[in-house]
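So the structure is just underneath, and the comments pick up after that.
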Amino acid sequence: MKYKTKANAINTCLLGTSLAVFSQLASADVILHAFDWRYSEVAEKAAEIADIGYTNVLVAPPLKSDSSNTQWWARYQPQDYRVIDNNRGNKEDFQNMINALKAHGVNTYADIVINQMANERGNSTYFPGNDTLNDYASNSDYWNRQQLFGDLSNNLFSPGDFHAGFCITNWTDVWESMNGRICGGNGDPGLPDLDPNDWVRAQQKSYVQAIKNMGVTGFRIDAAKHMTTWHINQVFDANIKQDMYLFGEIITGAGAGNADYDTFLEPYLRETSHSAYDFPLLKTLRDAFDVNGSLEALANPKSWGGAIDGIRALTFTITHDIPSNDGFRYQIMSEANEHLAYAYIMGRQEGVPMVFSDATGVDNGRWVNDYKQDNLKAMVKFHNGVQGADEEVLYTDQCAIVLRRGDAGVLGINKCGYAKDISINASNLNSAKNYVDVFTGSSFKANSSYYTVNVPAGSARMWLAETGGDIEPTDEVDVSFTCNNGYTNMGDSVYAVGNNAALGNWQAASAVLLSPTSYPTWSATIKLSQATDIEWKCIIRNETDPSNVIQWQSGGNNAVNTGNGASTAGSF
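The following block contains the structure:
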């Protein structure tokens, strides 16, 4: 993370991040990094985000920072953890966003900043300071609505809660990086660096627990490089990590043997259960797509240190740090190579891919609204269609690579300036299905043991097996839905909502009303297409205000195949 203190840019810093692990294992669902989007904008686009196929959205840090500062780096200079109020929104906006995403089956991941506080008020180390405390008191109605925890009549931190005020000069020195300040040079005193004493850790734990209680299901821990793994593990303990996804961003120039990898990333992976940005794979991708590189390096990069273990890897082609920090801009790929690299991380089996969609307009808006760019939408469709399928490398040379994903799909990439006809072993593909390219709609049917695919120059092809069988989608059957333990108050009822139009497409306002046939058991019978896989949940919702969801069924989604008729049940 590049930080700016006051008006100064920091050109040299390697920061880390982290988000916790669902049952300590990484989900392969695509993450949308809605970088510096307003919380209200994310909420407004929740249906669109879900329709594209994203199931997780990473959003700006939910804390108090300078709400008058529109610069993205201001969000990484906390003034107070106990309230949410910043230029991207307040606690009410944040909660509305979580609810809107959840109504469409999308998880909220939060960027968490606990290493340092803001450089302000003459570098004071009283936070949030007397002026803010007075504002809390005089506008208590507003601030009580934005409060997460704690006593707003007192400062959260005082001078004894910070390390000594020296700037980091040797970024590869472990002690200095974990005790010094991130400074901008030219006499800038830097960001006050928190000492992880008992009080500080207790406030940090209260903060992340409060954010989790709001419905957040993942954390990005900012500046992980600048905190000890002991400190991180103390804050993100077993209770916090349960049912959460954590990943850390420790920027490295390469994999094993690189100084930053050996000094910071390898110990982080070894001493925490978190995932991490796969910067080693980014280096491999940049080299492979270079004119002098070879795509043979992408066949199994983990085997030679060119990628981290897939179960711990968050994969990407660009992060917000890279274009926004002069020291990291060398990692930007050409748009053509970035497109091919996205196809690779979306098409391979290992890793959790993340799409960067920028709201700051850096580099003349190159990454603005990338989340809905047609090619990326097609890649998300392919990724979701082959998720969980095994991977086999069918072909590789300097120019090209072809991967099979079970019998669900085939990925072909050709970086060179001429088309390639590639003969592949098709014996493990489904000869009865058409394989349709998500970009062009062209298709093939592998009706022999070997088949020749064509990958045009400088392009990718992602052939996805057509789904469906002999049953027409118009053939409908009765499916019984039951919700147990649905205890309600006057004016509320139990509804079923799920991933089907008849069940509201995860929109609570369009959910199906159930009847209290044997209270607190609620049920209804719904017409659905035959032989269709359905995921759904029970909700308690206000009868007259469709947006007022009182309770969601906890845990994973209920699942049923409608077959020729079925029954399915959930429980609060």
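Per mature numbering (1 follows the signal peptide of the UniProt record, and there is no 0), the sequence shown runs over residues -28 to -1, 1 to 544. Glycine residues also receive a C-beta, built at the ideal position from the N, C-alpha and C atoms.
Which of the three DSSP states is assigned to residue i in this structure?
i, result
"Thr460", "coil"
"Val263", "coil"
"Tyr240", "helix"
"Asp57", "strand"
"Asn530", "strand"
"Glu363", "strand"
"residue 565", "Any question about residue 565 goes unanswered here, given that the chain covers just -28 to 544."
"Asp234", "helix"
"Pro518", "coil"
"residue 567", "The shown model of the chain, from -28 to 544, leaves out residue 567, and the question about it has no answer."
"Leu35", "coil"
"Tyr48", "helix"
"Asp8", "coil"
"Gly542", "strand"
"Ala331", "coil"
"Gly190", "strand"
"Ala82", "strand"
"Ala(-20)", "Confidence at Ala(-20) is low in this model, with a pLDDT of 32, below 50, so the placement of that residue is unreliable and no value is reported for it."
In its own chain, which residues sit with a C-beta less than 8 Å from the C-beta of residue i, not counting the 5 before and 5 after it?
i, result
"Val352", "Val2, Ile24, Gly25, Tyr26, Met318 and Val327"
"Leu128", "Asp52, Tyr53, Arg54, Phe99, Pro100, Gly122 and Gln175"
"Thr200", "Met150 and Pro168"
"Ile70", "Thr80, Met186, Gly187 and Val188"
"Ala474", "Val484, Ile498, Lys499 and Leu500"
"Arg284", "Ala(-3), Leu241, His246, Ser247 and Ala248"
"Asn406", "Ser415, Phe416, Lys417, Ala437 and Glu438"
What are the boundary residues of the beta strand (DSSP E) that residue i is part of?
i, result
"Gln181", "Element bounds for Gln181: not the beta strand (DSSP E) but the alpha helix (DSSP H), Asp170 to Asn185."
"Leu73", "Careful: Leu73 lies outside any beta strand (DSSP E), inside the alpha helix (DSSP H) at Lys63 to Ala75."
"Asn341", "Where Asn341 is concerned, there is no enclosing beta strand (DSSP E), given that its DSSP letter is neither H nor E."
"Ala248", "Ser247 to Tyr249"
Identify the continuous alpha helix (DSSP H) that holds residue i and give its terminal residues.
i, result
"Met351", "Asp346 to Val358"
"Asn11", "Just to set this straight, residue 11 is Tyr in the shown sequence, not Asn. Looking at the DSSP string, the run of the alpha helix (DSSP H) that includes Tyr11 is Tyr11 to Glu16."
Can you name, in chain order, every residue of its own chain whose Cβ lies under 7 Å from the Cβ of residue i, other than the five neighbours on each side?
i, result
"Arg513", "Asp464, Ser465, Tyr467, Ala480, Ala483, Asn520, Val521 and Ile522"
"Pro295", "Arg301, Ile304, Val334 and Asp335"
"Ala22", "His76, Gly77, Val78 and Trp478"
"residue 545", "Any answer about residue 545 is impossible in this case: the structure gives the chain only from -28 up to 544."
"Ala72", "Ala15 and Ala18"
"Gly278", "Gly227, Pro252, Leu253, Thr256 and Ala269"
"Asp133", "Leu166, Asp167, Asn169, Trp171 and Val172"
"Asn205", "Thr244"
With a CB to CB cut of under 6 Å and the five nearest residues on each side skipped, what residues in its chain are close to residue i?
i, result
"Ser130", "Tyr98"
"Ala429", "Gly389, Tyr390 and Ala391"
"Thr332", "Asp8 and Trp44"
"Val532", "Ile506, Ala538 and Thr540"
"Pro325", "Val2, Thr287, Ile317 and Met318"
"Gln370", "Ser266"
"Asn419", "Ser403"
"Asp103", "none"
"Pro492", "Asn457, Gly458 and Tyr459"
"Trp494", "Cys455, Gly458, Val466, Leu486 and Pro488"
"Trp508", "Ala468, Gly470, Leu475 and Asn530"
Fully enclosed by the stretch 276 to 308, which beta strand (DSSP E) runs are 3 residues long or longer? The qualifying runs are 285 to 287.
Quick check for students: name the residue ranges of the beta strand (DSSP E) that lie wholly in the stretch 447 to 511, counting only runs of 3 or more. Entirely contained in the stretch 447 to 511, the beta strand (DSSP E) runs reaching 3 residues are, in chain order, 448 to 456, 464 to 470, 487 to 490 and 493 to 501.
Jot down the residue ranges of each uninterrupted alpha helix (DSSP H) in the stretch 85 to 169, minimum 4 residues, whole runs only, in chain order. 102 to 110, 112 to 118 and 146 to 151
Mind pulling the beta strand (DSSP E) runs of 3 or more residues that sit fully within the stretch 193 to 227? 217 to 220
Hey, is the stretch 162 to 176 in contact with the stretch 77 to 91, meaning 3+ C-beta pairs nearer than 8 Å? yes
Entirely within the stretch 357 to 436 and at least 3 residues each: give me those beta strand (DSSP E) ranges in chain order. 363 to 368, 372 to 377, 381 to 386, 392 to 397, 407 to 409 and 422 to 427
Three or more C-beta pairs below 8 Å linking the stretch 104 to 120 and the stretch 224 to 234: These segments do not touch.
Assess contact between the stretch 369 to 387 and the stretch 421 to 436, defined as three or more Cβ pairs (one per stretch) separated by less than 8 Å. Is contact present? Yes, they touch.
Does the stretch 341 to 348 come into contact with the stretch 357 to 366, if we say contact requires no fewer than three beta-carbon pairs (one atom in each stretch) closer than 8 Å? no
Closer than 8 Å is the cut-off here; do at least three beta carbon pairs connect the stretch 156 to 172 with the stretch 33 to 43? The answer is no - the stretch 33 to 43 does not touch the stretch 156 to 172, with fewer than three Cβ pairs under 8 Å.
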